[in-house]
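Below: the structure, in structure tokens.
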DNA sequence: CATTAAGTTCATTATATTCTGAACATAATG
DNA sequence: CATTATGTTCAGAATATAATGAACTTAATG
């Protein structure tokens, strides 16, 4: 197993740990360690020795996650894939979204619990405040980054 | 199905979406919507109508994730569980950890790719810079929160 | 407009995860 | 020190998820 192959598997396992298909991680691994921008469907299929179905499904998964993007070349039928250029915006957007989702869950929990004097209620209220804080602060990091790189 | 039961299932589904056992989410749902701090192993088992094995395994999963914590009462053999008081610290710590893990993956990918002139290399380098930025900034949010709440 | 290339879909198979329940460990109680 | 309460462990069953490969769709090419 070459170093690159080992790396590809490692990204696969990383992805799996987060409950996502290993193959999606492997595709990411290919693109992250590739010498070039131009990696086609077939090339990924050959490198990973996987079926067309699996490559197709997982490419689309990664496209939906905004982890990769598709680009094309004129007079060439193929599509090519690369790590998403716009991923910087999406990284924090995704984090904010998951914070929001959990904030909503916390709020619903509190609404159901009507015993406002219990330790549990107060504790969860504190956590909710913190999530609200994070929800406004995380997008500001993006702004800070932009300023710094101007 | 009562509103509370619906809520518990909803948190289960939320957890499942992130690749974690639904039962762990259900336990969280119980604790988030509970009127009290004192929820024992058996009470969770009864509410969720699940096996001892599943409750045991998923309580320990949540303890390891620092999502819940165990507390005891003198002259009582049982253990009781609640949403972790210390979770505020752990939320950002966990986020930073996952940022670090991915930063390391990005670095390894760049190291394997020796064609430093390709668009791909430059693109991934930019993303790496951003991850380094996030890795220092995220812990600072915790500091900001502490200051604000003094 | 027939042919080919590029990718999708989906039924089946393979794999991995989770749940169950009974047997087991541990420690507090009387 | 036998009994009971509290939880753990683990083999097997149930369930869920992912990969395969062949048939299909779509659209570009000659």
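Protein chains in written order, with the numbering used here: chain G, 7 to 156; chain W, 7 to 156.
Heads up, the beta-carbon is just placed ideally off N, CA and C, and yes, glycines get one too.
- DSSP places residue 65 (chain W) within a helical segment (H, G or I) once states are collapsed to three.
- Residues of chain W with a Cβ closer than 9 Å to the Cβ of residue 25 (chain G) are, in chain order, 22, 23, 24, 25, 26.
- For residue 154 (chain G), the enclosing alpha helix (DSSP H) stretches over residues 125-154.
- By alpha-carbon distance to residue 146 (chain W), the top candidate from W:115, W:95, W:19 is W:95.
- Exclusion of the five residues before and after residue 32 (chain G) leaves 14, 18, 54 as the residues of its chain whose Cβ lies within less than 6 Å of its Cβ.
- Between residue 141 (chain G) and residue 8 (chain G), the alpha-carbon positions lie close to 43 Å from each other.
- Secondary structure of residue 45 (chain G) (DSSP, three-state): strand.
- Taking a Cβ-Cβ threshold of 8 Å, the residues of chain G close to residue 42 (chain W) are 121, 124, 126, in chain order.
- Closest by C-alpha distance to residue 107 (chain G), out of G:86, G:138, G:91, is G:138.
- Spanning the alpha carbons of residue 37 (chain G) and residue 97 (chain W) requires a straight line of approximately 30 Å.
- The criterion of a C-beta distance shorter than 8 Å is satisfied by residue 76 (chain W) and residue 85 (chain W).
- Its Cα nearest to that of residue 67 (chain G), the residue G:27 stands out among G:83, G:27, G:22, G:48.
- Along the stretch 76-91 of chain W, the positions whose C-beta sits under 9 Å from a C-beta of chain G are 88, 89, 90, 91, read in chain order.
- Nearest in C-alpha terms to residue 78 (chain W), of all of W:51, W:47, W:126, is W:47.
- Taking a contact as a CB-CB distance under 8 Å, the pair residue 39 (chain W) and residue 118 (chain G) counts as one, their CB atoms being some 4 Å apart.
- The C-beta of residue 131 (chain G) comes no closer than 8 Å to any C-beta of chain W.
- Counting the other Cβ atoms within 10 Å of the Cβ of residue 29 (chain G) gives 16 or more, which makes it buried.
- Under the three-state reduction of DSSP output, residue 118 (chain G) falls in the helix class.
- Shown here, residue 51 (chain W) sits in a helix according to DSSP, grouped into three states.
- When the Cα atoms are used, residue 10 (chain W) and residue 152 (chain W) turn out to be separated by approximately 33 Å.
- Residue 84 (chain G): not part of any beta strand (DSSP E); DSSP gives it neither H nor E.
- Taking C-beta atoms as the reference points, residue 129 (chain G) and residue 74 (chain W) fail to come closer than 8 Å.
- Cβ neighbours of residue 64 (chain W) within its own chain (closer than 7 Å, five residues either side excluded): 27, 29, 30, 33.
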